[in-house]
Amino acid sequence: MSAVEPLIAGTVVGFRQFRLDSAGRLLPLHAGSRAWDPAGTEAACARHPGHRPPVAECSCGLYAWHHAADALSRCDDDTTVVAAVRAHGRVLLGEHGLRAERAEVVALCLPARWTARRRARVAAQLRAAHPEVALHTSPRTFRRAYAAEPLDALGVRTRPTAHARLAAAVHVPWVLGVVALYSVVVWPPALDRVMASGGWAVLLAVFVLWQAWLVSHALDDDA
Ligand SMILES: [Zn+2]
Numbered sequence: 058m059s060a061v062e063p064l065i066a067g068t069v070v071g072f073r074q075f076r077l078d079s080a081g082r083l084l085p086l087h088a089g090s091r092a093w094d095p096a097g098t099e100a101a102c103a104r105h106p107g108h109r110p111p112v113a114e115c116s117c118g119l120y121a122w123h124h125a126a127d128a129l130s131r132c133d134d135d136t137t138v139v140a141a142v143r144a145h146g147r148v149l150l151g152e153h154g155l156r157a158e159r160a161e162v163v164a165l166c167l168p169a170r171w172t173a174r175r176r177a178r179v180a181a182q183l184r185a186a187h188p189e190v191a192l193h194t195s196p197r198t199f200r201r202a203y204a205a206e207p208l209d210a211l212g213v214r215t216r217p218t219a220h221a222r223l224a225a226a227v228h229v230p231w232v233l234g235v236v237a238l239y240s241v242v243v244w245p246p247a248l249d250r251v252m253a254s255g256g257w258a259v260l261l262a263v264f265v266l267w268q269a270w271l272v273s274h275a276l277d278d279d280a
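Just so you know, this note's numbering puts the end of the sequence shown at 280, numbered straight through with nothing missing.
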């Protein structure tokens, strides 16, 4: 997290990824291998037993993003799911996410890229293992149900990381390239016309501007 704000006490909704094991338990991706209890998990500092997480100068605490897009854009394998969590107790707020003393899982969401077969199998497994947790099989309904917390009143301005914000933008030139390629195949004279009219210079300029825009937006994140 960047720009760490002072500790607050209260409840804040956040989003994070979990790795599922064969029993449908929710395992953290990075810190430790202890499965979360969806009804309530408490942070423990692995390096300083005397810490009451989160400690600003340390890395301890339960992590969550402020925006669902950040967790959803990082689900790129067959075992990672997204959760909406309610953080309790002492909470450290950053620009992109939070660190909390305690948290509970209020909802789970399956990635859009999974096959229907895997989606159905994991959904049945999660409903059996965690009947108290709401399960969304569509990221769209999940995002509608759990919006980012408005933290402006606390003096904290949040936003998704570049990774989440630019997920769509990086695909635009690819789509345009495919369309251009097919248009030339369907109508070969199109290529001659574009080249003859100096269209290549416009295409090159658009490409360079797009790259510059991506770099400028990516550089201001530390996530
Ligand atoms: Zn610590």
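All residues carry an ideal CB built from backbone N, CA and C; glycine is no exception.
Integer Cβ distance of residue i from residue j, believed to fall under 8 Å
| i | j | result |
| --- | --- | --- |
| A144 | F72 | With a Cβ gap of about 11 Å, A144 and F72 do not count as contacting. |
| G81 | A160 | Not confirmed; about 19 Å, so no contact. |
| A126 | P217 | 5 Å |
| P230 | W267 | 6 Å |
| A100 | E158 | 6 Å |
| C132 | P188 | About 23 Å; that fails the 8 Å criterion. |
Pair within 7 Å by beta-carbon distance, residue i and residue j
| i | j | result |
| --- | --- | --- |
| V190 | L165 | yes |
| H124 | A205 | yes |
| A181 | F75 | no |
| P110 | G97 | no |
| V162 | V142 | yes |
| V241 | L248 | yes |
Backbone CA spacing between residue i and residue j [nearest angstrom]
| i | j | result |
| --- | --- | --- |
| R175 | A128 | 20 Å |
| S195 | A253 | 47 Å |
| Y239 | V263 | 19 Å |
| P106 | V112 | 12 Å |
| V179 | P95 | 17 Å |
| S90 | L84 | 6 Å |
| F199 | T172 | 18 Å |
| P246 | R222 | 37 Å |
| V251 | V232 | 18 Å |
| L271 | R170 | 24 Å |
| H28 | H108 | Here the chain has residues from 58 to 280 only, and residue 28 is not among them. |
| E114 | T137 | 29 Å |
| H153 | T215 | 6 Å |
| V69 | G212 | 14 Å |
| A103 | G67 | 24 Å |
| G234 | R197 | 27 Å |
| D209 | L86 | 29 Å |
| G256 | V265 | 14 Å |
| E79 | H193 | First, the amino acid is wrong: residue 79 is Ser here, not Glu. C-alpha separation (whole angstroms): 20 Å. |
| Y203 | S273 | 29 Å |
| S130 | V243 | 35 Å |
| L150 | R201 | 23 Å |
| G146 | L183 | 27 Å |
| A177 | L261 | 45 Å |
Terminal residues of the beta strand (DSSP E) in which residue i lies
| i | result |
| --- | --- |
| H108 | Run containing H108: none; DSSP gives neither H nor E here. |
| H228 | First-last for H228: undefined, no H or E at that position. |
| R73 | V69 to L77 |
| L192 | A191 to H193 |
Residue range of the alpha helix (DSSP H) that includes residue i
| i | result |
| --- | --- |
| R200 | P196 to A202 |
| A185 | A173 to A186 |
| A247 | P246 to A253 |
| H87 | Unbroken run through H87: none, as it is neither H nor E. |
| A221 | A219 to R222 |
Cβ-heavy atom distance, residue i to ligand 2, below 6 Å
| i | result |
| --- | --- |
| H105 | You won't find ligand 2 in this model; what it holds is ligand 1. |
Residue i at chain D interface by Cβ criterion, 7 Å
| i | result |
| --- | --- |
| A169 | Considering every chain present, this structure includes no chain D. It has just one protein chain. |
Ordered list of beta strand (DSSP E) runs contained in the region 118-162, each at least 3 residues:
119-122 and 137-150
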